[in-house]
């Protein structure tokens with residue numbers, strides 16, 4: 594069937610290094626044999642962890658310690674898997690090759706097949722006296738503290754890669770990695786849009802008309818904000834450099850304050866008189882349809 598394929602037939606006819614050999618026939622019927630002893634060591638598993646931050650920690654960075662349950666190096670055998678004072682021995686069955694050969698009968702006659710040694714599981718080595726503490730694994734389950742240096746400017750859903758911080762490998766194999774997923778809790782005051790922080794600044798109608806300077810509490814602490822006279826509802830005031838730190842680069846974003854002009858819902862007689870006089874001064878102004886504005890970031 595194989596030689597009925599034109600390409601395979603051409604390879605066969607050419608022979609040589611690229612030709613179709615007996616090894617291919619053996620692999621077809623019996624599977625490919627081993628290619629030498631397998632490594633006893635195995636790489637440790639990776640782990641996905643989540644770290645919860647508030648907005649301020651995400652903006653400025655923070656150092657945190659997580660206690661994790663993982664596989665750590667066995668202190669008794671130091672990863673050798675052997676009882677102290679003993680060592681790994683060469684397998685007597687396969688003589689260290691990790692493979693055994695068997696003669697089997699097939700329609701092609703007697704053939705020799707190669708398979709992994711069942712005694713040493715293909716490694717070519719055995720452990721006569723396994724370590725009692727780790728039961729010959731070279732590692733044990735334990736809790737350990739993981740120190741995390743969260744960089745400034747991380748955002749919700751970002752994954753950080755920590756090479757070599759995962760589980761210790763089997764029989765002294767290399768450690769796996771940790772992938773740290775950042776979860777940022779919603780802040781009651783500030784939102785985030787890229788590297789900018791956004792918030793709503795409530796302004797009494799008189800202050801919006803006359804302009805004002807006020808002090809607000811930001812993530813950096815108390816900050817003075819100036820709003821010019823004639824401020825409109827929905828207008829955005831930008832405070833430079835008080836946004837989030839840029840994760841990949843220098844500098845910071847801005848703090849964007851959207852003005853929410855508060856119109857009094859209840860007026861006493863004195864306040865009504867004031868507004869009536871104000872209206873009289875602007876008698877040419879009347880309600881009208883304005884242009885639509887695209888939805889912003891607030």
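Residue numbers (our numbering): 594 to 891.
Built from N, CA and C at the ideal position, the CB exists for glycine as well.
Element boundaries [alpha helix (DSSP H), containing residue 862]: On the chain shown, residue 862 is found 269 positions in, with the first residue counted as 1. Per DSSP, residue 862 is one residue of the alpha helix (DSSP H) stretching across 862 to 874.
Would a check of beta-carbon distances place residue 734 closer than 9 Å to chain B? Reference to chain B is not applicable here, since this structure consists of a single protein chain.
Determine, using beta carbons only, whether residue 832 and residue 852 come nearer to each other than 9 Å. Start at 1 with the first residue of the chain shown, and residue 832 comes out as number 239. Start at 1 with the first residue of the chain shown, and residue 852 comes out as number 259. Cβ distance not < 9 Å, so residue 832 and residue 852 don't count as in contact.
Option in 810, 687, 705 and 670 with minimal Cα separation from residue 679: Here the question's residue 679 lines up with position 86 in the chain shown. Residue 670 is the option with its Cα nearest to residue 679.
Which two residues bound the contiguous beta strand (DSSP E) that contains residue 805? Within the chain shown, residue 805 is the residue found at index 212, counting from 1. Here the beta strand (DSSP E) through residue 805 covers 805 to 811.
Taking only runs that begin and end inside the segment 768 to 834, name each unbroken alpha helix (DSSP H) of 4 or more residues, in chain order. Counting whole runs of 4 or more residues, the segment 768 to 834 contains the alpha helix (DSSP H) stretches 798 to 803.
Short of 7 Å in beta carbon distance, which residues of its chain neighbour residue 630, apart from the five on each side in sequence? Order them along the chain. Locating residue 630 in the chain shown gives position 37, where the first residue counts as 1. Excluding positions up to five away in sequence, the list reads 689, 690, 691, 715, 716 and 717.
Start and end of the alpha helix (DSSP H) containing residue 652? The residue you call residue 652 lines up with position 59 of the chain shown. Where residue 652 is concerned, the enclosing alpha helix (DSSP H) stretches over 648 to 653.
Whole angstroms are fine: how far does the CA of residue 721 sit from the CA of residue 735? In the chain shown, counting from the first residue as 1, residue 735 sits at position 142. In the chain shown, counting from the first residue as 1, residue 721 sits at position 128. Looking at the backbone, the Cα of residue 735 and that of residue 721 are separated by about 26 Å.
Label residue 640 either buried or exposed according to how many other C-beta atoms from any shown protein chain fall within 10 Å of its C-beta, with 16 as the threshold for buried. Walking along the chain shown from the start, residue 640 turns up at place 47. Under this definition residue 640 is a buried residue.
Does the beta-carbon distance from residue 791 to residue 751 come in below 9 Å? If you number the chain shown from 1, residue 791 lands on position 198. If you number the chain shown from 1, residue 751 lands on position 158. In this structure, residue 751 does not lie closer than 9 Å to residue 791 by Cβ.
Just the Cα atoms here: how many angstroms apart are residue 667 and residue 741? Taking the first residue of the chain shown as position 1, residue 667 is located at position 74. Taking the first residue of the chain shown as position 1, residue 741 is located at position 148. Each residue's Cα considered, the two are about 24 Å apart.
Residue 743: buried (16+ other C-beta within 10 angstroms of its C-beta) or exposed? Mapped onto the chain shown, residue 743 falls at position 150. Around the beta-carbon of residue 743, 16 or more other beta-carbon atoms lie within 10 Å, marking it buried.
Under 9 Å between the Cβ atoms of residue 713 and residue 719? On the chain shown, position 120 is the one that residue 713 refers to. On the chain shown, position 126 is the one that residue 719 refers to. Their beta carbons are under 9 Å apart, which means residue 713 touches residue 719 by this criterion.
For residue 894, I'd like the list of residues in its chain whose CB is within less than 8 Å of its CB, leaving aside the five on either flank, ordered along the chain. Examination of residue 894 is not possible in this model, given that the chain is present from 594 through 891 alone.
Could you tell me which residues DSSP pairs with residue 675 in its beta bridges? Counting from one through the chain shown, the residue named residue 675 turns up at place 82. Note: residue 675 sits in a beta bridge opposite 723.
If you draw a straight line from the alpha carbon of residue 794 to that of residue 808, how long is it in whole angstroms? Against the chain shown, residue 794 aligns to sequence position 201. Against the chain shown, residue 808 aligns to sequence position 215. Near 11 Å, if we compare the C-alpha coordinates of residue 808 and residue 794.
DSSP beta-bridge partners of residue 638: Residue numbering aside, residue 638 sits at position 45 when the chain shown is read from its first letter. The partner list for residue 638 (beta bridge, DSSP) is empty, contrary to what the question assumes.
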